[in-house]
Amino acid sequence: MNNTIPFHSAPHAPQITVDVNILSMLKQAASCLSEMASENVYLAAIGPDMELTIIMEEDAPSILPCFDEDDALIAVKGAPLFISYNPAQVLKLAGKRYLTGPVIFYSTDGHSTIVSLTVEDIYRFQTYLESHSTTLMADGQKLTCICID
Numbered sequence: 117m118n119n120t121i122p123f124h125s126a127p128h129a130p131q132i133t134v135d136v137n138i139l140s141m142l143k144q145a146a147s148c149l150s151e152m153a154s155e156n157v158y159l160a161a162i163g164p165d166m167e168l169t170i171i172m173e174e175d176a177p178s179i180l181p182c183f184d185e186d187d188a189l190i191a192v193k194g195a196p197l198f199i200s201y202n203p204a205q206v207l208k209l210a211g212k213r214y215l216t217g218p219v220i221f222y223s224t225d226g227h228s229t230i231v232s233l234t235v236e237d238i239y240r241f242q243t244y245l246e247s248h249s250t251t252l253m254a255d256g257q258k259l260t261c262i263c264i265d
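Going by this note's numbering, the sequence shown opens with residue 117, and the numbers climb by one from there.
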């Protein structure tokens, strides 16, 4: 079963569809009942050709090769949440900067250690995407981007 969250503030941007299995994965990761769950760290990823998806930390470099190496970060206000992106995939247009490639969303424990995302973290990222996603047009082609200014 999917829950679709429409972008009311940006009607030209695509909808984000979140599979309810994401919630169960995050709940399992937060549970201390399973040793395996405590070893896995769950992040989220989104890109021009992919919906918001829960991934394991070890899979992040396959989506964003510069993750945790040469990446740039955006801090989400009010929480230890970060957006990792490739600075080479930033488009500057009309005085604003737009992310055009995939990004990784993650959380820290306050001491720079990456920890699994919670349901509240996913909601904050969805809220961020809703207010920052936009579609740019170039040569008749639509490009969905995240405005970082």
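Backbone N, C-alpha and C define an ideal beta-carbon position, used for all residues, glycine too. What you are looking at is a predicted structure, and each value in this text was computed from that prediction instead of being measured.
Item	Value
Which ranges would you report for the beta strand (DSSP E) in the stretch 203–264 if only whole runs of at least 3 residues count?	206–209, 212–215, 219–224, 249–254, 257–263
Using a threshold of 8 Å, state whether the C-beta atoms of residue 160 and residue 233 are closer than that.	yes
With DSSP as the reference, identify every bridge partner of residue 159, one or two as the case may be.	171
Suppose you measure from the CA of residue 182 to the CA of residue 201; what does that come to, to the nearest Å?	8 Å
Nearest-angstrom Cα distance between residue 172 and residue 216?	22 Å
Straight-line CA distance for residue 255 to residue 262?	19 Å
Would you identify the three-state DSSP class for residue 195, choosing helix, strand or coil?	coil
Taking 6 Å as the limit between beta carbons, can you name the residues of its chain near residue 259, skipping five residues before and five after?	252
Can you name the start and end residues of the alpha helix (DSSP H) that residue 177 belongs to?	176–179
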